[in-house]
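*Asks:* What follows is a structure written as structure tokens; I'll ask about it next.
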Amino acid sequence: MITLRVNGQEISINADADSPLLWALREDCALTGTKFGCGISRCGACTVLLDGVPARSCVTPVAQAKSREITTIEGLRDINAPADRARIAAAIQAAWTAHSVAQCGYCQSGFVMAAVALLSTVAAPSDRDIEDALRGHLCPCGSYERVRAAIHNAARALSGGLVAT
Ligand code: FES
Ligand code: FES
């Protein structure tokens, strides 16, 4: 039995210590917003936050995550979310909608988690900051430019400006 702290709640699961966190989240915690893409740390679809830092859950053993605060896409705005993170997530959600970022949407929770982590540490990211934060995130639908524009707009909204529509 392993106890994980996920989205502010403790959840005990039966899992091997070296099994991927992705499967613990999806199958044991029923948190299916985190997606399986490549399984080898090459696409970013499985990105979650560990102590606020993006991590690829497909290659993160459960044992490595058990003493950390795990945040999934479901936890960004739930009742347990820290106020700052919820505010950033709300701005990102609004900007994503304004820019119609998602097409099929499969990759998007990974992009959103990376964007939340970025705006939690850099209030007004440059294109280069965004490129660095999203390196290795793949979107076969080609949403990259819209993601970049949405992050800039979310940053602007968080600093008191308006989100463009
Ligand atoms: S599924 Fe984890 S990086 Fe692709
Ligand atoms: S929106 Fe379809 S893979 Fe990114």
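Numbering (our numbering), first residue to last: -18 to 146.
Note that the Cβ used here is the ideal one computed from N, Cα and C, for glycine as well.
(1) Sorry if obvious, but does the Cβ on Gly14 come closer than 7 Å to a heavy atom of ligand 2?
(2) Who's in the neighbourhood of ligand 1, going by beta-carbon under 6 Å from any heavy atom, listed in chain order?
(3) Can you tell me the Cβ-Cβ gap for Val93 and Arg66, rounded? I've got them flagged as a contact below 8 Å.
(4) Inspect the CB distances between the region 122 to 142 and the region 70 to 81 and report whether three or more fall short of 8 Å.
(5) Based on DSSP bridge pairs, tell me the residues matched to Gln(-10).
(6) Using only the alpha-carbon positions, how far apart do Trp4 and Tyr87 sit?
(7) Can you tell me which of the three DSSP states Arg37 falls into?
(8) Put Leu30 into one of helix, strand or coil per three-state DSSP.
(9) Should Gly117 be listed as close to ligand 2, given that the test is whether its C-beta is under 7 Å from any heavy atom?
(10) Should Leu12 and Val43 be called a contact, given that it needs their Cβ atoms to be closer than 8 Å?
(11) On the three-state DSSP scale, how would you describe Ile132?
(12) On the DSSP letters alone, give me the boundaries of the alpha helix (DSSP H) that Thr102 sits inside.
(13) State yes or no: is the C-beta of Cys27 within less than 8 Å of the C-beta of Gly14?
(14) So, helix, strand or coil for Thr53, using DSSP?
(15) Out of curiosity, what's the CA-to-CA distance linking Val82 and Leu119?
(16) Note the first and the last residue of the continuous alpha helix (DSSP H) segment covering Arg7.
*Replies:* Quick answer:
(1) no
(2) Phe17, Gly18, Cys19, Gly20, Ser22, Arg23, Cys24, Gly25, Ala26, Cys27, Arg37 and Cys39
(3) Actually they are not in contact, since the Cβ atoms of Val93 and Arg66 sit about 12 Å apart, beyond 8 Å.
(4) Contact between the region 122 to 142 and the region 70 to 81 is present, because at least three Cβ pairs lie under 8 Å.
(5) Val(-13)
(6) C-alpha separation (whole angstroms): 17 Å.
(7) Strand at Arg37.
(8) strand
(9) no
(10) no
(11) Ile132: helix per DSSP, three-state reduction.
(12) Gln89 to Thr102
(13) The answer is no: Cβ separation not under 8 Å.
(14) coil
(15) Distance between the alpha carbons of Val82 and Leu119: 14 Å.
(16) First-last for Arg7: undefined, no H or E at that position.
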